[in-house]
Amino acid sequence: MRIFIAGASGLIGIRLVAPLVSAGHVVAGMNRSPGKAARLSELGAEPVICDVFDAEALNRAVGAFRPDVVFHQLTDLPDDAGAMPEFRDRNDRIREEGTHNLLAAAAAAGAGRVIAQSVSWELAVVTRAYESAIWSELPAPTASAARPPTGKVIRGSVWPKSTLASTGRPARRS
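Counting in my numbering, the final residue of the sequence shown is number 292, and the numbers go up one at a time with none missing.
What follows is the structure, given as structure tokens:
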């Protein structure tokens, strides 16, 4: 299978390359830093240097590889968790505009599947008395939410609204 990993040099992406190559897949590893290409090559991936915000270049890169599957591992997070507030806008842009561009490129290239990482956060620890009040104050999530057991309020989202609107359908979940 031909697998294109966007964000291949990141925390999760880099850990996907070697096992996929070892399993016999042909892997392209995309990142935006030319300095990380050698490491991707060492792991057996075909390095692809591309900025996800350059939609035309991304379409060319994904199209040239002709993937069966595209893995979305794009983030822009700091190594130091204390710097997280400084990266929030940049990471949000990747999650919205970057996801939109990657999904469009995958569709144009005829990829049969896109697999994306998702996250969830613990927002508050509450008692039963305050559970309803806190839950009702949370904004509606962009994709899904589940009422957790008393003691925790957890909210997660899989796709930004812009992605759902641009594709016209929700993502498949396995």
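Ideal placement from N, C-alpha and C gives every residue a C-beta, glycine not left out.
Quick caveat: nothing in here was measured; it's all calculated off a predicted structure.
Leaving aside the five residues before and after residue i along the sequence, list all residues of the same chain whose C-beta is less than 7 Å from its C-beta, in chain order.
i: I212; result: V170, L192, T193 and D194
i: V139; result: V145, L161, G162 and A163
i: N209; result: T193, D194 and L195
i: P165; result: G147, A155, L158 and S159
Leaving aside the five residues before and after residue i along the sequence, list all residues of the same chain whose C-beta is less than 8 Å from its C-beta, in chain order.
i: V187; result: M119, R120, I121, F122, A229, G230, R231, V232 and I233
i: R184; result: R120, A227 and G228
i: E204; result: P196
i: D198; result: none
Under a Cβ-count criterion, where at least 16 other Cβ atoms within 10 Å of its own Cβ denotes burial, should residue i be classed as buried or exposed?
i: G153; result: exposed
i: A141; result: exposed
i: L129; result: exposed
i: G131; result: buried
i: G200; result: exposed
i: S151; result: exposed
Only counting the same chain, and skipping five residues up and downstream in sequence, which positions put a Cβ closer than 6 Å to that of residue i?
i: V144; result: R120
i: N149; result: A126 and S127
i: C168; result: M148, A175, L176 and A179
Since residue i and residue j should fall inside the 8 Å C-beta cutoff, what is the C-beta to C-beta distance between them, to a whole number of angstroms?
i: A146; j: A163; result: 6 Å
i: H190; j: A124; result: 6 Å
- Message: Taking contact to mean 3 or more Cβ pairs, one atom from each stretch, closer than 8 Å, check whether the stretch 156-167 and the stretch 126-138 are in contact.
- Response: yes
Any contact of the stretch 218-226 with the stretch 170-182, i.e. 3+ C-beta pairs under 8 Å?
-> yes
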